[in-house]
Amino acid sequence: MIYQILYFAAVVVLVISLLLITLLRKKQPRLSTKYWDFISIAAMFFGGFAFLSLLYHDVNLGQAPGDTITKIMLIVFPVVMIVFMIMYLVLFFWKGGINSRVNDDERTEFAHTKSARNALLATNLALFIYLLDAETLSRSALLVVLFCGYFVYFVSTFFYYYFKV
Amino acid sequence: MDNFLQIGLPIFLILIFYAFILTRKGERQRTKYILGSSRDWITYITIALGASAMIEGILDLGIKIPVIWSISGFVILFIVMFIGVILRYRAGKPIIRPVGDERINAIKAKSARNAFFATYVVFFVIPFIKKSYTLDATWYVVTLAVGLVVFFASYFFYYYREA
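As you go down the protein sequences, you meet chains H and D in turn. According to my numbering, the first sequence is numbered sequentially starting from 115. According to my numbering, the second sequence is numbered sequentially starting from 3.
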């Protein structure tokens, strides 16, 4: 129990620290983060930590994850994250960068907001499908539900930020 | 008989409601604005799916809502809507109004974002409280209910306070 409380406290402190560091840096004035949608970013932090603890908790304890979905997720999740990172770098140098065609403004904030909305749609849809024939969500089902939200959030953000504006 | 009342009566009342509206002159043309792409359909579908999953959870919990309650609730809703329609009809105003612009869509998107935040915070907190990684009916009803409550609270806040 004490480790869980410490873990919880560490996550909250980490999120708040990152937020404060970002906001209070001297070379990064408040203006440059004015159009960030912090609520959706914080939601992704919490979702990310929930997903990672679901995915890697047993692995850290030395217990091999039993079901197939967890085994698939252990491979798919890092691959998807690497693909997103490569996509981000490609899009950053292709469309972003110093001479950016996409400058941050209200549209940036709205892109994040709409991405969060789409992620909620994916989460609720996954929950709805699972609950049609199950009364309890298993650990692997919860992994899939969280992964759907995460995946849709990133795809939507790229789409709205780089292609829709 | 109970099932027939629960399913048949609402459908019958809705049919009367729309028959009354759509047979009026000009109302059918205005539906084009209502059903157009300017609406935030993603939010509507999100909330509908969330509510449906929550109802499934409530049924899984074994909570049975008495038939008379559900029917009376629907009849009261129908009467309130019908009075609204009659009042607009008597005032000579169009019943179907093309409400909603980019501000309303922004409010809906922001409310859905807040609901998303609330849902994911609950997902994050659950293992600390339950000490397990499964979600039984009680917990997913709680998760979905938190999301829905935050959505509606945010919607009313942004609509009436922020605007």
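The C-beta atom is built at its ideal place from N, Cα and C for all residues, glycine as well. Since the structure is predicted, the reported quantities are computational estimates derived from the model, not experimental observations.
Check                                                                                                                                                 : Outcome
Along the alpha helix (DSSP H) that carries D:D62, what are the first and last residues, could you check?                                             : 43-62
Determine whether the beta carbon atoms of H:F165 and H:L260 lie at a separation below 8 Å.                                                           : yes
Per DSSP, what are the beta-bridge partners of D:L137 in this structure?                                                                              : H:L251
So, at 7 Å on beta carbons, what are the nonlocal neighbours of D:Y161 in its own chain, with the 5 sequence-adjacent residues on each side left out? : I109
Under a three-way DSSP split, which group does D:T25 fall into?                                                                                       : coil
For the candidate residues H:G161, H:A123, H:A240, whose alpha-carbon lies nearest to that of D:F119?                                                 : H:G161
Are D:F76 and D:F19 close, meaning C-beta to C-beta below 8 Å?                                                                                        : no
What does a CB cutoff of less than 8 Å around H:Y244 pick up in its chain, not counting 5 residues either side in sequence?                           : L251, A255, V258, V259
Going along chain H in order, which residues have a C-beta closer than 7 Å to the C-beta of D:K112?                                                   : T227
Kindly indicate which three-state DSSP category H:Y276 falls into: helix, strand or coil?                                                             : helix
Quick one: is D:V123 near chain H, going by C-beta distance under 8 Å?                                                                                : yes
Less than 7 Å between C-beta atoms, sequence neighbours within five positions excluded: which residues of the same chain meet that for H:T271?        : A225, H226, S229
Check whether the Cβ atoms of D:I45 and D:A111 sit closer than 8 Å, and answer yes or no.                                                             : The residue you asked about is not Ile; residue 45 of chain D is Thr in the sequence shown. Yes.
Would you call D:L17 buried or exposed, if buried means 16 or more other Cβ atoms sit within 10 Å of its Cβ?                                          : exposed
Measure the C-alpha to C-alpha separation of H:Y232 and D:G52 and round it to an integer number of angstroms.                                         : It should be noted that the sequence gives Asn, not Tyr, for residue 232 of chain H. Approximately 13 Å between the Cα atoms of the pair.
Against chain H, does D:F126 count as a neighbour if the rule is that its beta carbon must be under 8 Å from one of theirs?                           : yes
For D:F126, which residues in the same chain have their Cβ closer than 8 Å to its Cβ, ignoring the five residues on either side in sequence?          : none
Output the distance between the C-alpha atoms of H:N238 and D:P68, rounded to the nearest integer angstrom.                                           : 27 Å
Mind pulling the chain D residues with CB within less than 7 Å of H:L239?                                                                             : L51
Keeping to the same chain, check which residues put their C-beta closer than 6 Å to that of D:I78; ignore five residues upstream and five downstream. : none
Closest Cβ-Cβ distance between D:F22 and chain H: below 8 Å?                                                                                          : no
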